[in-house]
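Trainee: Chains A and B, in that order, give the protein sequences. Numbering follows my numbering, with no gaps: position 350 of the first sequence is 350. Numbering follows my numbering, with no gaps: position 375 of the second sequence is 1375. We put the CB at the ideal spot given by N, CA and C, even for glycine.
Number of protein chains: 2
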Amino acid sequence: MPHSLLIKNAKLNGTPTDALIVNGVFQTIASNISAADGIPAIDAGGMVLAPAFYNGHTHAAMTLLRGYADDMELFSWLHDCIWPAEAKLDSDLVYHGTRLAILEMIKTGTVFFNDMYWLAPATIRAVDEMGARAAIGRIFTDGSDGKLRADMLENAKQSEAELDACGGTGRIRLTYAPHAVYTVSPKSLEWIAEQARHDCATVHIHASETAKEVSDCITANGCTPIALLARCGILGDKTILAHGVHLNDDDIKLIRESGATIVHNPCSNYKLCSGQFHYRKVKELGGCRVVLGTDGNASNNNLSMFDEMKLAALSAKLESGDPSCAPAADVWRMATADAAAAFGIKGGVIAEGYVGDALLLDNYAVQMCPEYNLAANVVYSCDTSCVDTVICDGRVLMRHRRVEHETEIIAAAQEAAHRFTASSKHTY
Amino acid sequence: MPHSLLIKNAKLNGTPTDALIVNGVFQTIASNISAADGIPAIDAGGMVLAPAFYNGHTHAAMTLLRGYADDMELFSWLHDCIWPAEAKLDSDLVYHGTRLAILEMIKTGTVFFNDMYWLAPATIRAVDEMGARAAIGRIFTDGSDGKLRADMLENAKQSEAELDACGGTGRIRLTYAPHAVYTVSPKSLEWIAEQARHDCATVHIHASETAKEVSDCITANGCTPIALLARCGILGDKTILAHGVHLNDDDIKLIRESGATIVHNPCSNYKLCSGQFHYRKVKELGGCRVVLGTDGNASNNNLSMFDEMKLAALSAKLESGDPSCAPAADVWRMATADAAAAFGIKGGVIAEGYVGDALLLDNYAVQMCPEYNLAANVVYSCDTSCVDTVICDGRVLMRHRRVEHETEIIAAAQEAAHRFTASSKHTY
């Protein structure tokens, strides 16, 4: 159920203000709003009312693998560490890993994430319980045993049943998540495109993440991954393309014309050596919608949108050779309003009629001083220590940096991680 | 005066431990150390005892210009914004700007910084009062009026007098800080090299930061900045070269053989488009000592060594195309032990006989879970919200994220910033 909340004594665009959220939507933003019966109120203490972050691409449950395998070649990272661990995956691990991830996102100012992982019903349960928003992908890969479509339909059915069991909360929606063109056949992509069109659902897919993916796709299919997605009917205005590091001019044109969204994951692209995203070419000149994501914690290793914003801006400047490329206000918008729009959520903006997601940023924090430029301070200076309060759908998820049950969530995740990896290499 | 402190109930290398600092030096690290008369004790509550950070290059007082001018071309950034502001600089502004910077460094786990800025006596006073460590540069640039050497000697004298007035604390040392080869003539560099040799002092200089600096130097002097520094007698094992972005093979050889230290400032190099530092070539293959710095807040825009460590590691991986380049443990050492060694401080390591600088990292923080790999969590996941306690020279500078007088320091800095820039563009 969406909540109602009165926020007193905040600052917005340099002006003192109150804000009233009714049933999960900003109803009034004005000075001196009176308290109403039955609506809880918080005193912002003069802090800055800012949009909460929306994380465009992650694998939340992989937070259980944070720090499990780093500084390794991709092949041995996957074969020796990640896949052997994931072979032991079960719903309980996904549940505890996702709760840990959501706790981390709340503590770093993020209220929404676009997820792709196995055992989606466990993810749905974690999101529902913790009060966050999410687009949850029913992951699909082709295999050799021919029963994967049936598996996916079963997974999709279970996810819908789980969502119904949660009372069909508006905070959660399901997406189709074919993994990538190198794990899903063109025939299956066509089939998924049809399902998604039928359901008016978002399709979430890794696309053009590495140079190898692109060259392999050209060898196998005679065209780039983006051209293949267009050919299979996947590319459309509800399509979320994770990464988009290696795009040619035709790819950019196809993406722009389809209205699809690219999720730029700078930290992961750097850490795994996937490549340098071409911000100026794709967004500023190419006109594509670009939002930001963290990718999973096995390859990042955190879910802080502050890290993504700073690296997105800095790497775009260095790559273009122009310090005016990717200015702070644009980058902030990619992590808020642009991302909300990409997922069909009227959010990421503090304004009447928008969903009641917000942060209180501590403008008394040292990284926020002096007060010349809020966007520059948010993108280049702040970190999560500046986030005081997090509100999602009108409900306070964090107040003065405390989240309900955080100690238990961390302890349960730590225990789950031990079971997951059976690792004895704990180093604290 | 150095302090004594007993730290009870910490964790080191996965083992519960106590640690006793006597007169600013770790004397005993063992289990169950008994409290001694007159030595204050703190309970670490099971947190991780870790080395504090050492910031290899900054301009602390420029924190007053954080967010004042961003996303601009270098030339208009300097001419239209930074230099007009700096024309109004006075000791009071430097004092309040430096206090703000030191507060930020303490809150982000840094206890030492290597500074280069005007009006050094004001910096000395701020460092002394706030209990940090610093190497403070007496900045030097040549000018057209011929009296700059006299000015610098006067500045040097005043700095020494200020340091004497502080009781000659061992936490502060003075360095010679010729600004760069494009602002200091070869003749003046030779003269400074002689002074520094005579005083056994560190020389701190910007070197090979931009491609333009290198090509201009070749045009003017027939050699690279590094070769020029070698020729002028500046290059030696007490020399700190800030940036070193554009180095050829001969430069790298000269630096390695001289024992000089390069301070890598990844965030600043990216934000100002100075260039990509060649980590593998310079450090892993070239064998040079490389440490990390934040540069000033006008071009970063924070002083968090967490941001520098993460970008140093990630950018080295992408540039080399090898995810095993710049592993977490190496990068963490660059921000701690390697930096301490570069400044002749026996620090950056938690061990008996080393200076009593340390952090308590909150291993119950969400970014620290799971506990597979402390170095990976510190470099890739943590941010300043994970730093609970900061100790310098045996004295507790931050406890449970609170620093003495922080509200007053921020308020005074905010007021100083208003006076500095006479700016009305406050946006909160």
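(1) In chain B, which residues lie with their C-beta within 8 Å of the C-beta of P121 (chain A)?
(2) Could you pull out every unbroken beta strand (DSSP E) segment of at least 3 residues lying fully inside the region 98-168 of chain A, listed in chain order?
(3) Kindly indicate the opening and closing residues of the alpha helix (DSSP H) around A341 (chain A).
(4) Residues of chain B with a CB under 7 Å from the CB of G170 (chain A): which are they?
(5) Find the nearest neighbour of T336 (chain A) within the set A:D393, A:A180, A:A50, A:L397, judged by alpha-carbon distance.
(6) Counting along the chain, where does the beta strand (DSSP E) carrying I431 (chain A) start and finish?
(7) Could you spell out where the beta strand (DSSP E) holding T1224 (chain B) opens and where it closes?
(8) Checking the sheet assignment: what are the DSSP bridge partners for D18 (chain A)?
(9) When you compare the CB positions of D1070 (chain B) and N373 (chain A), do they come within less than 8 Å of one another, or not?
(10) Ends of the beta strand (DSSP E) at H206 (chain A)?
(11) When the distance is taken between beta carbons, is V25 (chain A) closer than 8 Å to V355 (chain A)?
(12) Roughly how many whole angstroms lie between the Cα atoms of N32 (chain A) and A132 (chain A)?
(13) Can you tell which of B:S1274, B:D1090, B:M1062, B:R1099 has its C-alpha closest to the C-alpha of C1081 (chain B)?
(14) Compute the Euclidean distance between the alpha carbons of A1227 (chain B) and V1203 (chain B), then round it to the nearest angstrom.
(15) Under DSSP, the alpha helix (DSSP H) around F306 (chain A) begins and ends at which residues?
(16) Is the Cβ of I1007 (chain B) closer than 8 Å to any Cβ of chain A?
(17) Within the continuous alpha helix (DSSP H) that includes T210 (chain A), where are the two ends?
(18) Does any CB atom of chain A fall closer than 8 Å to the CB of L1311 (chain B)?
(19) Please name the residue in B:S1258, B:F1140, B:F1053 whose C-alpha comes closest to that of D1338 (chain B).
(20) Closer than 7 Å by C-beta to G952 (chain B): which residues in its own chain qualify, once you throw out the five before and the five after it? Chain order, please.
(21) Which of helix, strand or coil does DSSP assign to A177 (chain A)?
(22) May I ask which residues mark the beginning and end of the beta strand (DSSP E) holding K1008 (chain B)?
(23) Just list the residues that DSSP pairs I1240 (chain B) with in beta bridges.
(24) What do you reckon, are the CB atoms on A126 (chain A) and I106 (chain A) nearer than 8 Å?
(25) Within 10 angstroms of its Cβ, does C1386 (chain B) collect 16 or more other Cβ (buried), or is it exposed?
(26) Kindly indicate which three-state DSSP category I54 (chain A) falls into: helix, strand or coil?
(27) Residues of chain B with CB closer than 9 Å to the CB of E73 (chain A), please, in chain order.
(28) Can you tell me the Cα-Cα spacing of N300 (chain A) and R1280 (chain B), whole angstroms?
(29) For the region 1294-1308 of chain B against the region 375-393 of chain A, do three or more pairs of beta-carbon atoms, one drawn from each stretch, fall closer than 8 Å, so that the two count as touching?
(30) Rounded to the nearest angstrom, what separates S91 (chain A) and N248 (chain A) at their Cα positions?
(31) Can you confirm whether T1384 (chain B), when its beta carbon is compared against all beta carbons of chain E, has any partner nearer than 8 Å?
(32) Is there at least one Cβ from chain A nearer than 8 Å to E1104 (chain B)'s Cβ?
(33) Classify N1023 (chain B): buried if its beta carbon has 16 or more other beta carbons within 10 angstroms, exposed otherwise.
(34) I'd like the list of long-range same chain contacts for G1394 (chain B), defined as Cβ closer than 6 Å, with 5 residues on each side in sequence excluded.
(35) Quick one: does R1066 (chain B) have its CB under 8 Å from some CB of chain A?
(36) Given that a residue counts as buried once 16 or more other Cβ atoms are within 10 Å of its Cβ, and exposed if not, what is A1316 (chain B)?
Mentor: From the atom records:
(1) Those within 8 Å of P121 (chain A) in chain B number zero; the least Cβ separation is about 23 Å.
(2) Counting only runs of 3 or more, we get 110-117, 133-140.
(3) Unbroken alpha helix (DSSP H) run through A341 (chain A): 337-342.
(4) Per Cβ cutoff of 7 Å: no residues; G170 (chain A) is ~26 Å from chain B at best.
(5) Nearest neighbour of T336 (chain A) by Cα position, chosen from A:D393, A:A180, A:A50, A:L397, turns out to be A:A50.
(6) Outside the displayed range of chain A (1 to 428) lies residue 431 (chain A), so it cannot be described from this structure.
(7) Here T1224 (chain B) belongs to no beta strand (DSSP E), and DSSP marks it neither H nor E.
(8) The partner list for D18 (chain A) (beta bridge, DSSP) reads A:A30.
(9) Against a cut-off of 8 Å, the Cβ pair of N373 (chain A) and D1070 (chain B) comes out as a contact.
(10) For H206 (chain A), the uninterrupted beta strand (DSSP E) segment begins and ends at 203-207.
(11) Taking 8 Å as the cut-off, the Cβ atoms of V355 (chain A) and V25 (chain A) count as close.
(12) Rounded to whole angstroms, the separation of the alpha carbons of A132 (chain A) and N32 (chain A) is 29 Å.
(13) Per the Cα distances, B:M1062.
(14) Rounded to whole angstroms, A1227 (chain B) to V1203 (chain B) spans 16 Å at the Cα level.
(15) It spans 305-320 - the alpha helix (DSSP H) in which F306 (chain A) sits, taken as one unbroken run.
(16) For I1007 (chain B), no Cβ of chain A is located within less than 8 Å of the residue's own Cβ.
(17) Where T210 (chain A) is concerned, there is no enclosing alpha helix (DSSP H), given that its DSSP letter is neither H nor E.
(18) Yes - at least one Cβ of chain A is within 8 Å of the one on L1311 (chain B).
(19) Among B:S1258, B:F1140, B:F1053, the Cα nearest to that of D1338 (chain B) is on B:F1053.
(20) No information on residue 952 (chain B) is available, as it lies outside the stretch 1001 to 1428 that chain B covers here.
(21) In the structure shown, A177 (chain A) adopts extended strand secondary structure according to DSSP, grouped into three states.
(22) Counting along the chain, K1008 (chain B) sits inside the beta strand (DSSP E) bounded by residues 1005-1012.
(23) DSSP, once it has assigned bridges, lists B:H1204, B:T1261 as partnering I1240 (chain B).
(24) For A126 (chain A) and I106 (chain A), no; Cβs fall outside 8 Å.
(25) Around the beta carbon of C1386 (chain B), 16 or more other beta carbons lie within 10 angstroms, which makes this residue buried.
(26) Going by the sequence as given, residue 54 (chain A) is Tyr instead of Ile. Under the three-state reduction of DSSP, Y54 (chain A) is assigned to strand.
(27) Neighbours of E73 (chain A) on chain B, chain order: D1322, P1323, S1324.
(28) Near 21 Å, if we compare the C-alpha coordinates of R1280 (chain B) and N300 (chain A).
(29) Output reads yes: the region 375-393 of chain A touches the region 1294-1308 of chain B.
(30) If I take the Cα positions, the gap works out to 40 Å.
(31) Structure shown: chain E not included; protein chains present are A and B.
(32) True, the Cβ-Cβ gap to chain A drops below 8 Å.
(33) N1023 (chain B) comes out exposed.
(34) Around G1394 (chain B): P1002, H1003, S1004, L1005, I1021, G1024, G1356.
(35) Answer yes: the Cβ-Cβ gap between R1066 (chain B) and chain A drops below 8 Å somewhere.
(36) Burial state of A1316 (chain B) is buried, judged by a 10 Å Cβ sphere holding 16 or more other Cβ atoms.
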